[in-house]
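Working notes, structure below.
Number of protein chains: 2
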Amino acid sequence: MNFEHFFPVWDQLNATQKSRIQDSLIERQIKKGTMIHNGSMDCTGLLLVRSGQLRAYIRSDEGREITLYRLFDRDMCLFSASCIMRSIQFDVAIEAEKDTDLWIIPPEVYKTIMEESAAVANYTNELMASRFSDVMWLIEQIMWKSFDKRLAAFLLEEAAIEESSRLHLTHEAIGSHLGNPREVVTRMLRYFQDEGMVKLSRGMIEITNEEKLRQMV
Amino acid sequence: MNFEHFFPVWDQLNATQKSRIQDSLIERQIKKGTMIHNGSMDCTGLLLVRSGQLRAYIRSDEGREITLYRLFDRDMCLFSASCIMRSIQFDVAIEAEKDTDLWIIPPEVYKTIMEESAAVANYTNELMASRFSDVMWLIEQIMWKSFDKRLAAFLLEEAAIEESSRLHLTHEAIGSHLGNPREVVTRMLRYFQDEGMVKLSRGMIEITNEEKLRQMV
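The listed protein sequences correspond, in order, to chains A and G.
Quick note on numbering: the first sequence equals residues 2 to 218 in my numbering.
Quick note on numbering: the second sequence equals residues 2 to 218 in my numbering.
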């Protein structure tokens, strides 16, 4: 499986555009835990995930974090190439949550093609709308949902991604996903444990009553 | 001043596209306080503000609100036409905060032109990126800024928009902008008054020490 099978508008490119991408494409194997893109530091390029898992997040000046969205196989990351649009006035950081194989399209190559191809520009529009929807969902969660519901939803989502009820996650890491201090996470997890929904042990959280957790959400 | 002077990519449309827009364009005068677009209810079309002021916001199931961004003269509203992109999976409500003159471009007309014109598609991309930046700013405010700072910033922004230090705003309305209950707003405003930054009277807030308010932010 090559790049052309992963890039949805490949067939709508002309020969010149295709070769421009092929000649500049960078293939990378990224180790779990690696920071791929660090906010305003650079304009890395567009990332197309072949396999693996990325996390896009923002950080406060004090180092607090909140996860905006995840990227999985076949997902494309636009905001690691924010220099392609002047109206992108914010920074996201991106790290590999699992070992990840990806392609990098250099920003200037993509920008040129997007400017001449309505198909690529519209594909980019859909990409951005999709991330916008993720972020709007996040705002609604932060604004209107209490922390117990958000934490329950997060644990269920993790279990679905990992296809396991045993989650190797520190309370610190959960705090970074949800934008809350570790102590708040620990307190709520202990309450979940008292209620028989999870079992806590060192570096691990086991979901023991998925049904009850689901009712919370 | 006509539509063509307000629509930035007008000169990049061909004759057919121009007449398609001209033939379908709707001009409207909207009274202050009118709800123009109500979330998923409908696909109103793209709104281009000739003069006036619109507010885009979201609402919880319980009726709480938070302002996402404002639209002023020459701004265009995309999310009142969310049916033009399948990846827009969220609803915003839009109301006129002042008497507003605007044009409505029917969604199907805009969609067709966007699909064939890279210029229009890229303009739409910039529009969306711009709103995305507003919303990312909002998330950072909600997540990392305390309410006193957010309220101070809001009062200063209102004073700049109204070009007046006397703001005709109820505590309820401020709560709807910032996503907080009225009581929380009232309590903080009283604290601001005790500190000499504002003077409260019925339906009005007067900024009495702008410098001190600015230092808070």
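Beta carbons are placed, not taken as given, at the ideal position from N, Cα and C, and that holds for glycine.
Since the structure is predicted, the reported quantities are computational estimates derived from the model, not experimental observations.
Looking only at its own chain, which residues have a Cβ that is under 7 Å from the Cβ of residue i, when we skip the five neighbours before and after it?
i, result
"G:E5", "W11"
"G:Y192", "none"
"A:K112", "I85"
"A:A154", "V218"
"A:V121", "V10, I114, M115"
"G:H169", "G204, M205"
"G:R167", "M205, E207"
"A:D76", "V50"
"G:K150", "M217, V218"
"G:L128", "M77, L79"
Given that a residue counts as buried once 16 or more other Cβ atoms are within 10 Å of its Cβ, and exposed if not, what is residue i?
i, result
"G:I27", "exposed"
"A:G180", "buried"
"G:P108", "buried"
"G:M205", "exposed"
"A:M36", "exposed"
"G:W104", "buried"
"G:T17", "exposed"
"G:D62", "exposed"
"G:N123", "buried"
"G:R132", "buried"
"G:D24", "exposed"
"A:S83", "buried"
"A:A161", "exposed"
"A:S118", "buried"
"A:D43", "exposed"
Just to confirm the assignment, what range does the beta strand (DSSP E) spanning residue i have?
i, result
"G:Q30", "27-31"
"G:S52", "47-52"
"A:L55", "55-60"
"A:K200", "199-202"
"A:M36", "36-39"
"G:L103", "101-106"
"G:L72", "66-72"
"G:I85", "Taken as a continuous stretch (DSSP letters only), G:I85 belongs to no beta strand (DSSP E), as it is neither H nor E."
"A:E207", "205-208"
"G:E96", "94-97"
For residue i, collect the residues of the same chain with a Cβ closer than 8 Å to its Cβ; drop the 5 residues on either side in sequence, then sort them by chain order.
i, result
"G:T125", "L79, M115"
"G:D194", "In the sequence as displayed, the identity of residue 194 of chain G is Gln instead of Asp. Result list for G:Q194: K200, L201, in chain order."
"G:F148", "L179, N181, V185, M189"
"A:R21", "V110, T113, I114"
In its own chain, which residues sit with a C-beta less than 6 Å from the C-beta of residue i, not counting the 5 before and 5 after it?
i, result
"A:R183", "H172, E173, G176"
"A:M198", "N210, K213, L214"
"G:S52", "D74, D102"
"A:L72", "V50, L55, C78"
"G:E66", "Y58, R60, S177"
"G:S81", "H38, T45, L48, I95"
"A:Q1", "With chain A covering only 2 through 218, there is no way to say anything about residue 1 of chain A."
"G:I106", "G46, L47"
"A:I89", "S83"
"A:G40", "D92, A94"
How is the alpha helix (DSSP H) around residue i delimited, first residue to last?
i, result
"G:E212", "211-217"
"A:E5", "4-7"
Checklist line | Residues of the stretch 166-199 of chain A with Cβ closer than 8 Å to any Cβ of chain B, in chain order | finding: Any reference to chain B falls outside this structure, whose protein chains are A and G.
Check: What are the complete alpha helix (DSSP H) segments, minimum 4 residues, inside the stretch 113-194 of chain G?
Finding: 119-145, 148-163, 172-179
Note to self: Count Cβ pairs between the stretch 154-163 of chain G and the stretch 59-71 of chain A that sit closer than 8 Å; are there 3 or more?
What the structure shows: no
Note to self: With a threshold of 8 Å, are at least 3 pairs of Cβ atoms found where one atom belongs to the stretch 92-100 of chain G and the other to the stretch 138-148 of chain A?
What the structure shows: no
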